[in-house]
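**Q**
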Amino acid sequence: MSDFYQQVYEVVRQIPIGRVTSYGAIARYLGTAGSSRMVGWAMNLAHHQSVYVPAHRVVNRNGLLTGKVHFGSPEVMRELLENEGVVIVNDCVIDFTRLFWDPMNELL
DNA sequence: ACGTTGACCTATA
DNA sequence: GTATAGGCCAACG
1 MSDFYQQVYE
11 VVRQIPIGRV
21 TSYGAIARYL
31 GTAGSSRMVG
41 WAMNLAHHQS
51 VYVPAHRVVN
61 RNGLLTGKVH
71 FGSPEVMREL
81 LENEGVVIVN
91 DCVIDFTRLF
101 WDPMNELL
């Protein structure tokens, strides 16, 4: 496994409860800005990882749960987020800008 | 080996 | 303000 994916998992694992981040933010934090799709691929491989990766806390820039289908069921992602206190309506994160957790600013 | 696809983002019209 | 185009790099067929 490349260090890139490990870094992604590391960052995602550091996301606090009830907070969310975006692929682009992680990509920029890792220095691979513009290649945010790779972050998505990393999440795809996250299911194979033995360690649990809270991929449900990672959404797109619009706060839309685009990768909900990649979980067991589309409902799983919403359930997990709502369980952490995140309000989800129409597969969109409410107050996304306020719940946004930027590793560049928080983790630094 | 080549072409297509993809859990995206930025930029221009 | 939305709509469309381009770019990015790895995995799949």
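Going by the numbering used here, the first residue of the first sequence is number 1, and it counts up by one from there. Cβ atoms here follow ideal geometry from the backbone N, Cα and C, with glycine treated the same way. In this text the structure is predicted, and so the values were computed from the model without any measurement.
(1) Where does the unbroken alpha helix (DSSP H) through Ala33 begin, and where does it stop?
(2) Taking 7 Å as the cut-off, is the CB of Ile26 close to at least one heavy atom of the ligand MG?
(3) May I ask you to report which of helix, strand or coil DSSP gives Val39?
(4) I believe Leu107 touches Gly18 by the beta-carbon criterion, under 8 Å. Please report the beta-carbon distance rounded to the nearest angstrom.
(5) Between the alpha carbons of Glu10 and Lys68, how many angstroms are there, rounded?
(6) If we ignore side chains and look at the alpha-carbon of each, how far apart do Gly63 and Leu81 end up?
(7) Would Val8 and Val93 be called neighbours here (beta carbons separated by less than 8 Å)?
(8) Helix, strand or coil: which one does DSSP assign to Leu107?
**A** Considering the structure as presented:
(1) Looking at the DSSP string, Ala33 is not in any alpha helix (DSSP H), and its letter there is neither H nor E.
(2) No copy of the ligand MG occurs in the structure displayed, which carries no ligand at all.
(3) helix
(4) At roughly 16 Å, the Cβ-Cβ gap does not stay under 8 Å, so Leu107 and Gly18 are not in contact.
(5) 21 Å
(6) 12 Å
(7) no
(8) coil
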